[in-house]
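Notes to accompany the following structure.
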Amino acid sequence: MEPTGKTETPSSFFLPNLCTVQALLFLVLGTETCALLFTLISYGLQYFNWDYFALTSLFMLWVVLTSAVILCQLRKWGQQWSISQQALLTYGIVIATTTIYAILAGSFRSVGETGWDYWFVLQAILIAAILTGVLLRYFYLQHLWHQQQRSELESRVQALQARIRPHFLFNSMNSIAGLIPEDAESAEEAVLDLAELFRAALRESSSLVPVKEELGMCERYLRIEKLRLGPRLKVEWKIKPLTKAAQVPPLTLQPLIENAIYHGIQPNPQGGTISIMAHEQGQWLYVLISNPIAEKTDHKHQGNRIAMNNIRSRLLAFFGDQAVLKTSQLDNQFTATLRVPLTR
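In structure tokens:
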């Protein structure tokens, strides 16, 4: 997709969300830094003018915060516009706001002077035009980088979805075939579970899914694996009430459970219990998956590490550094802990 095309209609505003407390704090700090630089350029450090710094800070804060409030209100409405239209809208709002405040500020002249300061207004507009242009260029390049990241993410997710282990499919079909003469109803349920797993693997992967839906798919996967492992596989569910805000990238939990089976249950002749816990705490969703550690660990680490790295890459693309996936070993138990922010 070419982002500079005239007919492009992006799915979101290419500017960062200015409606958050973090964004406002960043704007205030950036504005104060610029005001400090202007004061140092005008007076130097030795003759630093605190009055000039205070007035410059006040003027710039009024312009920046007013523009941010207007852009925040227009964010949803402007999402249907092309990037060039969004940039022109942003540029026009900042220049118009600067002009209005510059005229108001320029009308307060020294004693004996009349009218308003034309040069101050022109200077303020010129500085605002340059700084806004530089920032828009920066945000545009950042937007292109995020688009590239998202495209790479979708490619990785699609590859992961298409890479259903062949031996899992063959073992599942063999288990189902063995069930048909003995328990046709269970065989039919297993076929339906397998169909749902493949449907999940083929669906759109660019958006989050409710964790309840992901846990439901994991339950189907475990039912199929239980046909093969029998009583060796035991599952303990500890799921507390979850809200709609609890969402995860598709195919996040199933690979963790698959690792628990192939690296914890299958190598153990006695089998073991997989414990799956999920709960919300504050603004976070926590999912913990535990399995016993098998005695033979000759070849398990590489596959486990690859799966973990794939999941971490997808979490990073969806949530940035807010999401965490860590592993731990304690009392002969391997635990994968997932923490993602709630999407409120």
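Going by this note's numbering, the sequence shown wraps up at 344, each residue one higher than the last.
Ideal Cβ positions, reconstructed from N, Cα and C, are used throughout, including at glycine.
Span of the beta strand (DSSP E), counted from its first residue to its last, around residue i
i	result
residue 328	324 to 330
residue 107	No beta strand (DSSP E) holds residue 107; DSSP gives it neither H nor E.
residue 284	284 to 292
residue 341	333 to 341
residue 275	272 to 281
Spatial neighbours of residue i in its chain, beta-carbon cut-off 6 Å, leaving aside the 5 residues before and after
i	result
residue 112	Its pLDDT being 48, under 50, residue 112 is placed unreliably by the model, and nothing is read from it.
residue 30	none
residue 312	325
residue 61	31
residue 235	222, 274
residue 299	The predicted model places residue 299 with a pLDDT of 48, which falls under 50 and marks its position as unreliable; any figure quoted below should be read in that light. If we look at residue 299 and ignore the five residues flanking it on each side, it has no Cβ neighbours.
residue 307	255, 259
residue 265	233, 271, 272
residue 323	315, 340
residue 253	214, 218
residue 327	336
Extent of the continuous alpha helix (DSSP H) run through residue i
i	result
residue 50	50 to 78
residue 42	21 to 43
Closest by C-alpha distance to residue i, when choosing among the options
i	options	result
residue 278	295, 223, 241, 332	241
residue 192	106, 234, 340, 219	219
residue 215	36, 148, 275	275
residue 321	339, 327, 329	339
residue 176	126, 117, 230, 58	230
residue 16	178, 117, 120, 138	138
residue 267	127, 213, 233	233
residue 226	288, 251, 271	271
residue 330	133, 292, 184, 92	292
residue 24	37, 67, 129	67
residue 128	38, 283, 22, 186	38
residue 58	19, 77, 102, 78	102
residue 93	80, 73, 82	73
residue 99	64, 122, 259	122
residue 262	44, 200, 295, 280	295
residue 80	282, 269, 14, 259	14
residue 64	78, 27, 174, 151	27
residue 286	212, 21, 70, 95	212
residue 251	239, 200, 281, 22	200
residue 125	309, 239, 95, 210	95
residue 280	309, 239, 310, 269	239
residue 21	140, 69, 150, 40	69
Neighbourhood of residue i by C-beta, 7 Å cutoff - its chain only, sequence neighbours within 5 removed
i	result
residue 208	247, 248, 249, 318, 343
residue 197	217, 220, 221
residue 224	172, 190, 193, 194
residue 36	53
residue 237	276
residue 91	132, 136
residue 186	179
8 Å CB neighbourhood of residue i in its chain, flanking five on each side removed
i	result
residue 131	34
residue 360	Limits of the chain in this structure are 1 at one end and 344 at the other, which puts residue 360 out of reach.
residue 333	290, 291, 292, 293
residue 288	275, 276, 277, 278, 335, 336, 337, 338
residue 120	102, 105, 106
residue 19	72, 75
residue 9	In this prediction, residue 9 scores a pLDDT of 38, lower than 50, which makes its location untrustworthy; the coordinate-derived value is nonetheless stated afterwards. Result list for residue 9: 80, 81, 82, in chain order.
residue 257	218, 221, 222, 274, 276, 289
- Query: At what residue ranges does the segment 190 to 259 contain a whole run of the beta strand (DSSP E), taking only runs of 3 or more?
  - Reply: Entirely contained in the segment 190 to 259, the beta strand (DSSP E) runs reaching 3 residues are, in chain order, 233 to 239.
- Query: Do the segment 38 to 56 and the segment 73 to 91 meet, that is, are 3 or more Cβ pairs less than 8 Å apart?
  - Reply: no
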